[in-house]
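For the sequence shown, position 107 (counting from the first letter as 1) is numbered 107 according to UniProt numbering, and the numbering increases by one without interruption.
Idealized CB from N, CA, C, for every residue including glycine.
Please read all numbers here as calculations on a predicted model, not as lab measurements.
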Amino acid sequence: MQDIVFEADRLACIRGERMLFDGLSFRLEAGHGLLVTGHNGCGKTSLLRILCGLSLPEDGEVRWRGTDIREDRSAYFRDMAYIGHANGVKADLTVAENLRVSLALTTGGPMDLIDAALDDVGLVGLASEPAGALSAGQCRRLALARLLVSRAALWIVDEPFNALDQTGVLQVESLISRHLADGGLVIMTSHQPLKTLGDSLEQLRMAA
Ligand SMILES: Nc1ncnc2c1ncn2[C@@H]1O[C@H](COP(=O)(O)OP(=O)(O)OP(=O)(O)O)[C@@H](O)[C@H]1O
C-alpha cells in the first residue's frame, strides 16, 4: 500500500448559516492515522462525511491516490470503508448474515473472512444470533467488523468506541494498530481518551 496517499485540500463546509471550517487541509500516507478532535458541534462528523464522499464540500477537494474522489467514486468506494454513528446493522439478519451482505457488497472475498472478523471483534459464538437481539456494544462491534470484511485500505470511523466496554476499546485499538502496521490508513474521531493508540495517530484539532 506504499503508493497510497489521502489528501484533504482547502476544504470548506457550511451547515445552515454557519461556516464550520474553511481552508482545512491535511495529507495522510499509508500506515498513518489521523484523530479528529474538538467539542460537540464543531464539525467532526460533517468533515468525515465529506472525506468519505457522502457530502460535498462548499469548497476544496478530497483526493485519493492523487485523484479527486468525485472523478472515480466506485474506485474510491472499493478502497474506503466508512462507519458512522449509526451502526447500519440489519436487525432481521443474523450477525453472520450481516457480514455476508457486507462481503457481497464489497470484496466478495472468502467466507472465512467473516469468522476471522467475528473473532477479532469478540463476537465468536454469536454468529447465528439475530442482530436485533444484540446489546448496544455488541452492535457496535458488529458494525466495526465490517471494516475488516471490507479489506479497505482506508478506514473512516466516527466514534468507533461508542458503547464499547473497556475490553472492546482495547480490542478495537489493537485492530486499528494492526491495520496501520499493515500499511492501511485510518481517519477517526473519538471523545474518549485513547488507551494504547494515542502515539500512533496524528491529531487534527478542530476549532469552533
Ligand atoms: N444537515 C445539517 N443541516 C444544518 N445543520 C447541520 C446539519 N448537519 C450538521 N449541522 C450542524 O453542524 C454543526 C456540526 O455538526 P457535526 O455533527 O459535524 O458536529 P460534531 O463535531 O461531529 O459533533 P459531536 O461531537 O456532537 O458528534 C452542528 O451545529 C450541527 O447542528
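(message) Considering only DSSP beta bridges, list what glutamate 7 is partnered with.
(response) Paired residue(s): Arg27 and Arg63.
(request) Less than 8 Å between the CB atoms is what I'm expecting for isoleucine 156 and tyrosine 82, so what's the real figure, rounded? (result) Between isoleucine 156 and tyrosine 82, the beta carbon gap of about 5 Å places them in contact (Cβ cut-off 8 Å).
(message) Given this structure, state the Cα-to-Cα distance separating arginine 151 from arginine 65, to the nearest angstrom.
(response) Roughly 17 Å between the two C-alpha positions.
(request) Name the two residues that bound the continuous alpha helix (DSSP H) containing leucine 170. (result) That run of the alpha helix (DSSP H) goes 166-181.
(message) For the stretch 165-185 against the stretch 128-144, do three or more pairs of beta-carbon atoms, one drawn from each stretch, fall closer than 8 Å, so that the two count as touching?
(response) Yes, the stretch 165-185 is in contact with the stretch 128-144.
(request) Can you tell me which of the three DSSP states glutamate 159 falls into? (result) Annotated three-state conformation of glutamate 159 is coil, per DSSP.
(request) Consider the C-beta atom of serine 190 and the heavy atoms of ligand 1; say whether any pair is separated by less than 7 Å. (result) It does not: the Cβ of serine 190 is nowhere closer than 7 Å to a heavy atom of ligand 1.
(message) For leucine 175, which residues in the same chain have their Cβ closer than 8 Å to its Cβ, ignoring the five residues on either side in sequence?
(response) Excluding residues up to 5 positions away in sequence, Asp120, Val121, Leu144, Leu147 and Leu148 lie with their Cβ nearer than 8 Å to the Cβ of leucine 175 in the same chain.
(request) List the endpoints of the continuous beta strand (DSSP E) containing glycine 33. (result) Here the beta strand (DSSP E) through glycine 33 covers 33-37.
(message) Could you check whether leucine 204 and phenylalanine 26 sit closer than 8 Å to each other, using their CB atoms as the reference points?
(response) For the 8 Å CB-CB criterion, phenylalanine 26 and leucine 204 form a contact.
(message) Among the candidates Pro160, Gln192, Val89 and Thr67, whose CA atom is the shortest distance from the CA of valine 186?
(response) Ranking the options by Cα distance to valine 186, first place goes to Pro160.
(request) Find out if the Cβ-Cβ distance for the pair phenylalanine 21, alanine 8 is shorter than 8 Å. (result) No, Cβ-Cβ distance for phenylalanine 21 and alanine 8 is not below 8 Å.
(message) Taking DSSP's pairing of strands, which residues face valine 186 in a bridge?
(response) Answer is Gly33 and Trp155.
(request) Output the distance between the C-alpha atoms of valine 101 and leucine 93, rounded to the nearest integer angstrom. (result) In a straight line, the C-alpha of valine 101 is about 10 Å away from that of leucine 93.
(request) Give me every residue whose Cβ sits closer than 6 Å to any heavy atom of ligand 1, in chain order. (result) Any residue whose Cβ sits closer than 6 Å to a heavy atom of ligand 1 makes the list: Arg15, Gly16, Leu20, Gly38, Asn40, Gly41, Cys42, Gly43, Lys44, Thr45 and Ser46.
(message) Give the list of continuous alpha helix (DSSP H) stretches no shorter than 4 residues that lie fully inside the stretch 42-108.
(response) For the stretch 42-108, whole alpha helix (DSSP H) runs of length 4 or above, ordered along the chain, are 44-51, 73-79 and 95-105.
(request) Note the first and the last residue of the continuous beta strand (DSSP E) segment covering leucine 204. (result) Looking at the DSSP string, the run of the beta strand (DSSP E) that includes leucine 204 is 201-205.
(message) In the DSSP output, which residue or residues are listed as bridge partners for alanine 12?
(response) By DSSP's assignment, alanine 12 forms a beta bridge with Asp59.
(request) Compare the beta carbon distance of glycine 38 and alanine 207 with 8 Å and say whether it is the shorter of the two. (result) Yes, the pair counts as a contact, with Cβ atoms nearer than the cut-off.
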